[in-house]
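K.L.:
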Amino acid sequence: MTTGQIEAEVLRAFRQIMPRGTKPSQVVPGADFKSDLGVESIGLFSVIALIEENLNIDLFGRTKELAEARTIADVVRIAAAAGATSAERGAT
Amino acid sequence: VSSARQAAHGLIIDCHAHIASCEYFPPPFMDGVIDNMMCVLGSRGARLSRRKVEELYTSRFQDPECDQLVSEMDAAGIARSVLLLADFTFALRGCSMTVAEMLSKHVAVARRHPGRFLTFAGIDPRWGQDGLGLFESAAARGEVHGFKVYPPCGFNASDRRLYPFYEVCKGHALPVLVHVGATSPALGFESSRPIHLDDAARDFPAVKFILAHGSVHYPDECVMMCKFRPNVYLDVSGYEVEELALVRHVLSAGINHKVLFGTDWPFFRLRGTQKDFVDLLLEGDDVFPAKMSVGEIEGFFFGNAAGLLRGAPTADQARTAV
């Protein structure tokens, strides 16, 4: 899977959990999902669940990075790294 | 907004924080918090393993010496934070330290970061004379700056077993912070109503009591207590995950000289940093009512707490600390 595809899935996951009033133009890679979008802990957990499911990757062991992530682009990088690891392990 | 920011600049006391380390929160406490998260996640159809939620949540409780907290305080303009020690010994199994050990670690953290922390000791009254002696000697040495009462552990704030501790507070001019409202579902909630403080507040008029999370849990009852008991105050900790209108509500109730800023670090760390949480108030729409003066905003962030805390910095000291 390419980084572009991963980014698209991560953006889709964030858009899925955002309140109705959020404009799609606000949910961009550079957005700080904590201060700009107000994603709280349950929101972050939900995003992680969606990313894992949609990309078929396992983010376990990367929780420290996820907890420290600020932007959607940060999450894309973490998901991409996890995807590479999963592929190396032969995950489907 | 700019006048509020100017009022707060470098002049902030966070009157409600904890050391971010799982060793102070026994497993049943954290399990209960995770239970509630799993419940919400389940309702949203999010399939995430409990192990993963736990790992992510507890990853934010790995700062036992408060180095990360100091760094976040600096970024947020918080001059000083009050570290609250809760004693779960008699309520939950799995406490890894005695209350004396926990208190000693809090004192060591305060020494590690001179001028940045004040410690409120939480000691379950069921320790009896041992607990009282521990508190009294720490107060005499100037190692504690207040007393923390945690009613979910099974006693309310006017429990007569707490009165000897309040006598010590009276003797040393130390404030008492009382948790209000729900917490981990591992504990009982009923004993945490603000009105339970009433007898103690009346019996100890010289002791200042702070209702913790007063804008979040039972806000009207907390406001009533602050309005009619001269020695009762409230802090707004927990506002980070609630509607900001609740903060505005207590700041519109004519008790602005009694409302204190607090964050409840580290419980909302997944939601943001201390700077995010200060900005949330300063940049939120109409958090501070128009009729609130700059002086009152300064009081909310700094002066009200400074007036209660022995060892709190002066405004000039606070500005140079950050």
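Protein chains in written order, with the working numbering: chain A, 1 to 92; chain B, 1001 to 1322. C-beta: ideal position from N, C-alpha, C; glycine also. These figures come from a predicted structure and were not determined experimentally.
1. Quick one: residues in its chain with C-beta nearer than 7 Å to the C-beta of residue 1323 of chain B, no 5 flanking neighbours on either side, listed in chain order?
2. For residue 1227 of chain B, I'd like the list of residues in its chain whose CB is within less than 6 Å of its CB, leaving aside the five on either flank, ordered along the chain.
3. With a threshold of 8 Å, establish whether the CB of residue 1081 of chain B neighbours any heavy atom of the ligand FMN.
4. Against chain A, does residue 1067 of chain B count as a neighbour if the rule is that its beta carbon must be under 9 Å from one of theirs?
5. What would DSSP say about residue 1310 of chain B, mapped onto helix, strand or coil?
6. Name the residues in the region 1014–1046 of chain B whose C-beta lies less than 8 Å from a C-beta of chain D; which are they?
7. According to DSSP, is residue 1291 of chain B helix, strand or coil?
8. Secondary structure at residue 1300 of chain B, three-state DSSP: helix, strand or coil?
9. Could you name the residues that DSSP lists as bridge partners for residue 1020 of chain B?
10. Which residues in chain B have a C-beta closer than 8 Å to the C-beta of residue 49 of chain A? List them in chain order.
11. Can you give the Cα-Cα distance for residue 105 of chain A and residue 30 of chain A, rounded to whole angstroms?
12. Taking beta-carbon pairs under 8 Å, can you tell me which members of the region 1057–1088 of chain B lie near chain A?
13. Pull up the distance between the alpha-carbon of residue 73 of chain A and that of residue 7 of chain A, whole angstroms please.
14. Tell me where the alpha helix (DSSP H) around residue 63 of chain A begins and ends.
15. My assumption, with CB atoms under 8 Å, is that residue 68 of chain A sits in contact with residue 59 of chain A. Please give the rounded CB distance.
16. So residue 1064 of chain B and residue 1021 of chain B are in contact, right, with Cβ under 8 Å, and what is the actual spacing, rounded?
17. How far does the alpha helix (DSSP H) with residue 1148 of chain B in it extend, from its first residue to its last?
18. Just to confirm the assignment: which complete alpha helix (DSSP H) runs, minimum length 4, are found wholly within the region 23–63 of chain A?
19. What does the alpha-carbon distance come out to for the pair residue 1168 of chain B and residue 1189 of chain B?
20. Please work out which residues of its chain come closer than 6 Å, Cβ to Cβ, to residue 1156 of chain B, disregarding the five sequence neighbours upstream and downstream, and give them in chain order.
21. Could you name the residues of the same chain whose beta carbon sits closer than 8 Å to that of residue 1221 of chain B, not counting the 5 residues immediately before and after it, in chain order?
22. Can you tell which of B/1249, B/1263, B/1262 has its C-alpha closest to the C-alpha of residue 1291 of chain B?
23. Which one of B/1276, B/1260, B/1266, B/1273 has the shortest CA to CA distance from residue 1013 of chain B?
24. Roughly how many angstroms lie between the CA atoms of residue 23 of chain A and residue 39 of chain A, to the nearest whole one?
25. CA-CA distance, residue 1024 of chain B and residue 1107 of chain B?
26. Can you pull the chain A neighbours of residue 1238 of chain B, defined as C-beta to C-beta under 7 Å?
27. So what's residue 1247 of chain B in DSSP terms, helix, strand or just coil?
28. Interface residues of chain A around residue 1279 of chain B at Cβ under 9 Å?
29. For residue 1155 of chain B, which three-state DSSP category applies?
30. Is the CB of residue 2 of chain A under 9 Å away from at least one CB in chain B?
31. Could you please give me the residues that DSSP links to residue 1081 of chain B through a beta bridge?
32. Within 9 Å (strictly less), CB to CB, does residue 10 of chain A reach chain B?
33. Below 8 Å on the Cβ atoms is my contact criterion, and I expect residue 1109 of chain B with residue 1015 of chain B to pass it. Report the Cβ-Cβ distance as a whole number of Å.
34. Can you give the Cα-Cα distance for residue 1113 of chain B and residue 16 of chain A, rounded to whole angstroms?
35. How about the region 1179–1186 of chain B and the region 1026–1036 of chain B: do they share at least three Cβ pairs that are nearer than 8 Å?
36. Can you pull the DSSP bridge partners for residue 1212 of chain B?
P.N.:
Taking the coordinates as given:
1. Here chain B has residues from 1001 to 1322 only, and residue 1323 of chain B is not among them.
2. Counting only Cβ-Cβ distances below 6 Å, and skipping sequence neighbours, we find 1255.
3. Ligands in the displayed structure: none, and consequently the ligand FMN is not present.
4. No, no contact with chain A.
5. Assignment of residue 1310 of chain B by DSSP, reduced to helix, strand and coil, places it in the coil class.
6. No chain D is present in this structure, whose protein chains are A and B.
7. Correct three-state label for residue 1291 of chain B: coil.
8. DSSP places residue 1300 of chain B in helix when its eight states are reduced to three.
9. Answer by DSSP bridge pairing, in chain order: B/1063.
10. Near residue 49 of chain A (Cβ distances below 8 Å), the residues of chain B are 1041, 1046, 1047, 1048.
11. The first residue shown for chain A is 1 and the last is 92, placing residue 105 of chain A beyond what the model contains.
12. So the list reads 1057, 1059, 1060, given in the order they occur along the chain.
13. If you take the alpha carbons of residue 73 of chain A and residue 7 of chain A, they lie about 8 Å apart.
14. Where residue 63 of chain A is concerned, the enclosing alpha helix (DSSP H) stretches over 63–68.
15. The pair is not a contact, with the Cβ atoms about 13 Å apart (cut-off 8 Å).
16. About 4 Å; that satisfies the 8 Å criterion.
17. For residue 1148 of chain B, no alpha helix (DSSP H) segment is defined; the enclosing uninterrupted segment is the beta strand (DSSP E) at 1146–1149.
18. The region 23–63 of chain A is shown to contain whole alpha helix (DSSP H) runs of 4 or more residues at 41–55, in chain order.
19. Spanning the two alpha carbons is a distance of roughly 27 Å.
20. Once the five neighbours on either side are set aside, the close Cβ partners of residue 1156 of chain B are 1191, 1196.
21. Excluding residues within five positions, the ones whose Cβ falls inside 8 Å are 1193, 1194, 1195.
22. In this structure, B/1249 is the residue among B/1249, B/1263, B/1262 with its C-alpha nearest to the C-alpha of residue 1291 of chain B.
23. Among B/1276, B/1260, B/1266, B/1273, the Cα nearest to that of residue 1013 of chain B belongs to B/1260.
24. Each residue's CA atom was taken as its position, placing residue 23 of chain A and residue 39 of chain A some 14 Å apart.
25. As the crow flies, the alpha-carbon of residue 1024 of chain B is around 14 Å from that of residue 1107 of chain B.
26. Residues of chain A passing the Cβ test: none, with the nearest at roughly 12 Å.
27. It is helical.
28. Within chain A, the residues near residue 1279 of chain B are 35.
29. Coil at residue 1155 of chain B, not helix or strand.
30. No - not a single Cβ of chain B is within 9 Å of the one on residue 2 of chain A.
31. In the DSSP output, where bridge partners are listed per residue, residue 1081 of chain B has B/1014, B/1117.
32. For residue 10 of chain A, the answer is no, since every Cβ of chain B falls outside 9 Å of its Cβ.
33. The beta-carbon distance between residue 1109 of chain B and residue 1015 of chain B, rounded to whole angstroms, is 17 Å. This is too long to meet the 8 Å contact definition.
34. For residue 1113 of chain B and residue 16 of chain A, the distance between alpha carbons rounds to 43 Å.
35. Between the region 1179–1186 of chain B and the region 1026–1036 of chain B, the count of C-beta pairs closer than 8 Å reaches three or more; the two stretches touch.
36. Residue 1212 of chain B pairs with B/1179.
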